[in-house]
Amino acid sequence: MAAYDPRVNTASQDPPPPPPPPPESAISEMPSTTTEDVEMATANAATIVAGANSDTPTDSWKLKFCTVCASNNNRSMEAHLRLSAAPTAFPVISFGTGSLVRLPGPSISQPNVYQFNITSYNQMYEELEKKDPRLYRNNGILSMLDRNRNLKWGPERFQDWTPGQPRLEHISKGDKGALGTEGGVVDVIITCEERCWDAVVDDLMNKGNALNRPVHVFNVDIKDNHEEALVGGKAILDLANRLNESAVSQRQAHGSAGWENGSGAARLSFDESVPEILAEWQEKHPNLPALWTLAWL
Amino acid sequence: MAQSTDHVVDQVAQLNAARSLVLGDAALYPQIVNGILPIIGANARLELRRWGADFLAETFSTPALAAAQKQQLAPTVLQSIQDTLALPETDTAVLSSLVQTVASLYPLIFRHIVNHAEDTKTWETINAIKQEILRNMDSFPCPVKICCVKFLQRVVQVQTPGLIADPRRPDQNETSLAVVPRNHALLAIPQLEAESSGLLDRLLGVFQEETSDPLIVNATLNCLSPLIRTRQSIANKIINTILEFYPAKHVRPPFTPTVRVGVKSMERTSRAMLFNVMKKNPSHPLMGKMQAYIERLMQSRFEITDDASRKRGLPTEPTDGLDNAKRARLDAMTPPLLNIPPLPAGPTSFDQLFTITQDIGLSSFDVKQLPPDLVVKITVPLLTQVNQSLLTQAVDAIRNRYETITKEQNLKRQQLHQAATAAAADDDDDYEPDYEPVDAGANVPEESTALTAEDAELEPDLVSLGPFVLPQPPPLTEEQAGDVGRSAVSRVFSMIDAVQTTPSPAQSKNQQELGFARLAGSTFDRDAWVVLLTRLATRAPAGLEGSDKAKADKRHPTISDSIRETLYRYILEDFRARLKIGITWLNEEWYNDRVRMKAANSERGVEDEEPIVSLYYDTWVLRLLDGFLPYLDSRDIKVLVRFLSEIPEVTIAIIQRVASLAKDPERVNLTVQALMYLIMFRPPAREMCLNTLEDVYQTYEESRPAAGKVLARWRPEALPAPAETAPAAPQTEVQAPAAST
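In order, the protein sequence lines correspond to chains A and B. If you number the first sequence the way the numbering used here does, the last residue is 326 and the count never jumps. If you number the second sequence the way the numbering used here does, the last residue is 755 and the count never jumps.
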């Protein structure tokens with residue numbers, strides 16, 4: 030479980046500057062993402078070069094993400110950490126779709142149960158540390174909560190989220206990944222379990238699609254344990270980088286002239302490229318069955 | 015060049031600061047929107063146009079700003095949007111955001127026009143924008159096309175009649191065709207509805223195309239749910255279209271991974287969408303079809319084989335040091351063998367039979383010393399941790415032991431039996447002095463006595479358990495007994511409700527065939543329970559509760575009274591349907607009263623004074639009548655006549671209650687007809703009824719036309735001379751009040 034600490038520290042230092050050099054820890058830990066790092070670096074370079082051109086966007090535009098699992102503790106938070114601590118520092122928010130936050134307890138029938146939205150990770154941490162520090166340190170719950178409390182205030186329930194409601198207070202609370210999500214909208218939702226994907230798609234229909242804003246909803250099936258969450262978090266970051274790269278290049282290739290110059294996937298618009306990106310990603314991560322749809326906020 | 019870039023960077027930074035302001039305080043939106051419109055207009059630079067389009071989309075969709083304020087703001091931005099579209103705008107991002115904005119604006123503008131029919135210009139502008147979008151929809155780049163799908167959905171939603179939640183507060187109702195006044199100057203309802211019907215076809219057209227684009231299909235599927243939910247008139251059309259759509263049929267080989275992703279996502283999205291509909295309305299008429307569709311969708315899964323191969327394999331190493339359950343058992347563990355000590359020689363006690371441990375201290379420990387709750391506390395967690403194979407071994411061992419012992423005993427018993435018969439024969443033989451038993455024979459009795467001795471020791475231990483007597487429960491207090499009784503009664507009442515459903519025709523036929531041979535309460539239907547209840551109330555406690563009824567506490571009514579009270583309430587809940595129960599009950603009461611009077615009469619001695627028997631019938635018949643009389647209306651003659659004719663005894667008090675109905679001019683006829691029925695068909699009550707009728711005739715003039723006819727037939731002397739009444743009807747009417755006062 031000590032493996033968490035270095036990354037938590039890098040994450041909690043301060044929000045990484047927009048085009049940072051890839052941190053060493055990221056490279057050493059994520060050998061699979063080095064190619065993406067290079068790609069991202071070129072993308073960033075392209076942005077910088079383009080910035081000199083008077084007619085191209087100068088804003089550091091990125092896709093906004095939302096990660097979802099059952100309790101907004103393990104899988105979605107690992108992904109939240111990955112996305113917010115990435116060199117690109119994606120705007121990211123995270124949710125759980127369960128009715129309550131459930132953490133493992135002394136036995137399978139005695140979970141620790143908390144309310145969404147009103148319990149902070151810190152409260153849970155302190156409560157469990159008081160209850161049985163040895164147990165919760167050994168099963169990794171305490172280090173997980175420690176990571177989480179450095180990321181944001183507390184678990185939020187997806188069904189209680191009002192898309193489009195400003196989230197300024199999350200910035201003032203210092204939630205990681207909150208920069209860029211102040212408008213309360215996202216471009217991509219990534220769930221970590223089919224049940225959650227079903228719940229998210231269903232809930233978005235129930236919310237009535239009032240914003241008229243498209244959102245891509247992915248599922249990356251991750252088993253609910255620390256190791257798989259680590260693997261899944263990496264894979265989600267990989268997916269996010271691929272998607273963002275396509276979206277950024279679409280934004281740069283504005284107008285028909287720029288668009289003509291692209292090739293392959295780049296020739297397609299971002300939305301069109303999504304099935305292709307997912308298919309490619311799936312080839313690389315055959316053990317994480319994925320699912321996707323285009324829904325509305 | 016660089017300077018102008020810097021300038022733009024500055025401007026964007028300022029705009030972002032403005033956006034932070036409105037995000038913090040939505041009240042600033044009107045001010046900021048008006049302030050930025052000139053900056054982000056059609057001629058602005060790309061960055062500014064993008065920023066502006068995004069901001070407008072955000073402004074008109076944010077839940078932070080109330081609909082009324084958005085509505086006020088909406089007309090002001092239309093011109094700018096139209097100009098930008100007319101450029102023509104070529105940037106995908108700007109176009110997407112603008113179409114999103116227009117999708118949010120459309121209901122707002124529509125609402126505005128509903129309330130401001132004079133604002134022709136705004137309506138023309140939004141229509142021009144709508145036509146522009148619809149015309150270019152198919153040639154727009156994909157991301158814009160997706161937003162157009164949502165725009166179509168919005169237009170259809172607005173231009174289809176929706177639900178009117180509260181007609182008194184039109185401002186509260188959702189924007190739809192239903193809020194448009196019929197005589198609106200600008201909005202012609204039939205025209206708008208026709209347009210929306212065409213647009214719905216265009217929206218749903220995506221499901222009929224030969225090759226589907228998963229993006230458009232998913233975008234459409236995901237936005238249909240609100241339409242189905244809120245627009246009844248088109249819901250079935252939408253669902254039926256989807257039920258015809260099988261994603262796997264709408265793709266062409268080669269089946270690249272990309273195509274697979276698309277098909278899977280369309281399948282899952284249509285499933286999710288139908289599930290959403292089914293959850294919202296579980297009694298949907300198309301429920302069966304939807305379920306069949308979902309099943310077929312799952313069976314024809316495009317990727318069944320593909321998915322199976324993609325299922326995650328076993329993890330190469332344990333995934334979590336703690337969850338043993340999840341870890342695969344790679345090598346079957348050979349279970350530890352249990353060491354079963356042989357039974358000690360000689361007779362075996364239960365104790366020895368079940369002891370497998372060889373630890374002296376443990377086997378001599380008396381568990382009875384522990385309190386039972388402690389034993390439970392120890393045993394239950396222990397049981398959960400018992401090794402399955404060890405437990406099986408132990409149980410098998412004990413079973414073996416037990417079987418061996420029983421076998422031995424059976425053998426011994428047989429031998430004993432033989433020995434006994436032999437011994438008996440021996441006894442007989444005593445009378446034959448000549449008989450000399452052989453040596454072998456002589457050994458048998460000796461052996462058998464030894465066995466009997468051994469057997470006597472064994473038998474009580476293993477075979478006979480002795481009788482077990484349940485301890486007597488503590489006596490119930492009167493109050494407890496009453497409570498128990500009442501709860502039993504309430505359960506019988508619940509039985510009535512449980513068999514409430516009408517019996518099948520076959521059953522009712524059966525019942526009719528029974529006729530007089532019927533035995534009360536033998537059919538186990540609702541009637542049977544009713545009979546049971548009425549008898550419970552009347553007969554069961556007769557003589558038990560009656561004696562000390564005088565001192566019965568008001569707060570603790572006797573069981574029979576509580577049954578009566580419940581029956582009374584039960585009947586009044588729906589007296590028209592349950593009158594039959596009431597009649598059955600009252601008959602039982604009346605019969606019970608007779609029986610008790612008879613019993614009291616036979617018991618009393620010659621000198622005893624008249625026995626006092628409290629009569630329940632009179633009390634309850636009046637209560638019941640009083641209970642439903644106020645609710646009778648003028649057409650309930652059948653109910654009243656049935657009641658009066660079927661109750662066992664009609665008393666003056668009852669008739670007076672009926673007569674009191676005549677106070678209500680509307681129900682006068684009810685009284686007269688009911689009395690007439692009694693006069694005609696209930697001779698014992700005839701006199702009583704005629705007297706009452708005469709009273710009614712005298713008192714209430716509304717009754718005269720009807721009552722006069724009855725009296726004319728049955729008691730002509732009560733009427734004034736016929737010669738007078740017929741021509742001078744008005745006169746009698748004048749006289750009547752004078753006579754009654």
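C-beta atoms are modelled at their ideal positions from N, C-alpha and C, and glycine is treated no differently. A quick note: this is a predicted structure, and the numbers were derived from the prediction, not measured.
**Message:** Going by C-alpha to C-alpha distance, which of Asn683/B, Glu663/B and Glu716/B sits closest to Met702/B?
**Reply:** Cα-wise, what sits closest to Met702/B is Glu663/B.
**Message:** Can you tell me where the alpha helix (DSSP H) holding His126/B begins and where it ends?
**Reply:** Segment Thr106 to Asn129, the alpha helix (DSSP H) holding His126/B.
**Prompt:** Near Ile170/A, what residues of its chain come up, given a Cβ to Cβ distance below 7 Å and the 5 sequence neighbours on each side ignored?
**Reply:** So the list reads Leu132, Pro133 and Leu157, once near-sequence residues are dropped.
**Message:** Against chain B, does Met234/A count as a neighbour if the rule is that its beta carbon must be under 8 Å from one of theirs?
**Reply:** Yes, Met234/A lies at the interface with chain B (some Cβ there is under 8 Å from its Cβ).
**Request:** Determine the direct distance from the alpha carbon of Arg271/A to that of Phe247/A, and round the result to whole angstroms.
**Result:** Answer to the nearest angstrom: the Cα atoms are 13 Å apart.
**Item:** Sub-8 Å separation of Val275/B and Leu307/A beta-carbons
**Value:** Yes. Within cutoff.
**Message:** For a contact defined as C-beta to C-beta under 7 Å, what are the partners of Thr322/A on chain B?
**Reply:** In chain order: Asn232, Asn236, Ser279, Arg282 and Thr283.
**Prompt:** Quick check: the region 137–153 of chain B against the region 272–280 of chain A, are there 3 or more CB pairs under 8 Å?
**Reply:** Counting Cβ pairs under 8 Å, fewer than three are found: no touch.
**Asked** Does the beta-carbon distance from Ala673/B to Thr685/B come in below 8 Å?
**Response** Their beta carbons are under 8 Å apart, which means Ala673/B touches Thr685/B by this criterion.
**Prompt:** Nearest-angstrom Cα distance between Phe259/B and Leu213/B?
**Reply:** Their backbone Cα atoms lie some 19 Å apart in a straight line.
**Request:** Identify the contact partners of Thr136/B in chain A, using a Cβ-Cβ distance below 8 Å as the criterion.
**Result:** Within chain A, no residue comes near Thr136/B; the closest Cβ sits about 20 Å away, beyond 8 Å.
**Message:** Whole angstroms are fine: how far does the CA of Ala108/A sit from the CA of Ile265/A?
**Reply:** Pairing Ile265/A with Ala108/A, the inter-Cα distance amounts to about 7 Å.
**Request:** Tell me Val249/A's beta-bridge partners as DSSP assigns them.
**Result:** Ala319/A, per the DSSP bridge assignment.
**Message:** Mapping the DSSP letters down to three states, classify Thr270/B as helix, strand or coil.
**Reply:** Here Thr270/B sits in coil by DSSP.
**Prompt:** Under 8 Å between C-beta atoms, does Pro140/A make it to chain B?
**Reply:** The beta carbon of Pro140/A does not come within 8 Å of any beta carbon belonging to chain B, so the residue lies off that interface.
**Message:** What does DSSP give as the partner residue(s) for Ile122/A in the beta ladder?
**Reply:** Answer is Cys95/A, bridged to Ile122/A.
**Message:** I want to know whether the region 541–551 of chain B touches the region 573–590 of chain B - three or more CB-CB distances under 8 Å.
**Reply:** Remark: three or more beta-carbon pairs, one from each stretch, lie closer than 8 Å, so the region 541–551 of chain B and the region 573–590 of chain B are flagged as touching.
**Minimum Cβ-Cβ distance from Cys162/B to chain A less than 8 Å** = Not a single CB atom of chain A sits nearer than 8 Å to the CB of Cys162/B.
**Prompt:** Can you tell which of Phe379/B, Ser403/B, Val389/B and Val390/B has the C-alpha that lies nearest to the C-alpha of Asn353/B?
**Reply:** Selected option, being the one with the closest Cα: Ser403/B.
**Inter-residue spacing [alpha-carbon to alpha-carbon] between Lys159/B and Asp227/B** = When only Cα atoms are considered, Lys159/B and Asp227/B end up about 11 Å apart.
**Minimum C-alpha distance to Ser128/A - residue among Ala118/A, Ser136/A, Gln188/A and Glu155/A** = Among Ala118/A, Ser136/A, Gln188/A and Glu155/A, the Cα nearest to that of Ser128/A belongs to Gln188/A.
**Unbroken beta strand (DSSP E) run spanning Tyr645/B, endpoints** = Tyr645/B: not part of any beta strand (DSSP E); DSSP gives it neither H nor E.
**Request:** Classify Arg553/B as helix, strand or coil using the three-state DSSP reduction.
**Result:** Three-state DSSP puts Arg553/B in coil, outside helix and strand.
**Message:** Against chain A, with Cβ distances strictly below 8 Å, would Gly176/B count as a contact?
**Reply:** When Cβ-Cβ separations below 8 Å define contact, Gly176/B makes no contact with chain A.
**Prompt:** Hey, would you say Arg590/B sits closer than 8 Å to Val653/B, going by beta carbons?
**Reply:** Closer than 8 Å, so yes.
**Asked** Within 10 angstroms of its Cβ, does Ile50/B collect 16 or more other Cβ (buried), or is it exposed?
**Response** Label assigned to Ile50/B: buried.
**Prompt:** CB Ile123/B to CB Pro77/B, shorter than 8 Å?
**Reply:** The criterion of a C-beta distance shorter than 8 Å is not satisfied by Ile123/B and Pro77/B.
**Prompt:** Are the C-beta of Glu757/B and some C-beta of chain A separated by less than 8 Å?
**Reply:** What the structure shows of chain B is the stretch from 15 to 755, and residue 757/B is not part of that stretch, so it cannot be assessed.
**Prompt:** According to DSSP, is Leu29/B helix, strand or coil?
**Reply:** Helix.
**Request:** Check the DSSP bridge columns for Ile218/A and list the partner residues they point to.
**Result:** Answer by DSSP bridge pairing, in chain order: Cys95/A and Val246/A.
**Message:** According to DSSP, is Asn179/A part of a helix, a strand, or is it coil?
**Reply:** Three-state DSSP puts Asn179/A in a helix.
**Between the CA atoms of Lys181/A and Gly209/A - distance to the nearest angstrom** = Roughly 15 Å between the two C-alpha positions.
**Asked** Where DSSP assigns a beta bridge to Trp325/A, which residues make up the other side?
**Response** According to DSSP, Trp325/A bridges with Pro243/A.
**Asked** Relative to the C-alpha of Thr225/A, which residue among Thr96/A, Glu257/A and Leu92/A is closest?
**Response** The sequence given here has Cys at residue 225/A, not Thr. Relative to Cys225/A, the option among Thr96/A, Glu257/A and Leu92/A whose CA is nearest is Thr96/A.
**Nonlocal neighbours in the same chain, by C-beta distance under 8 Å from Glu207/B, ignoring five residues either side** = Excluding residues within five positions, the ones whose Cβ falls inside 8 Å are Gln173, Thr174, Pro175 and Leu191.
**Asked** In whole angstroms, what separates the C-alpha of Tyr120/B from that of Val169/B?
**Response** Roughly 7 Å between the two C-alpha positions.
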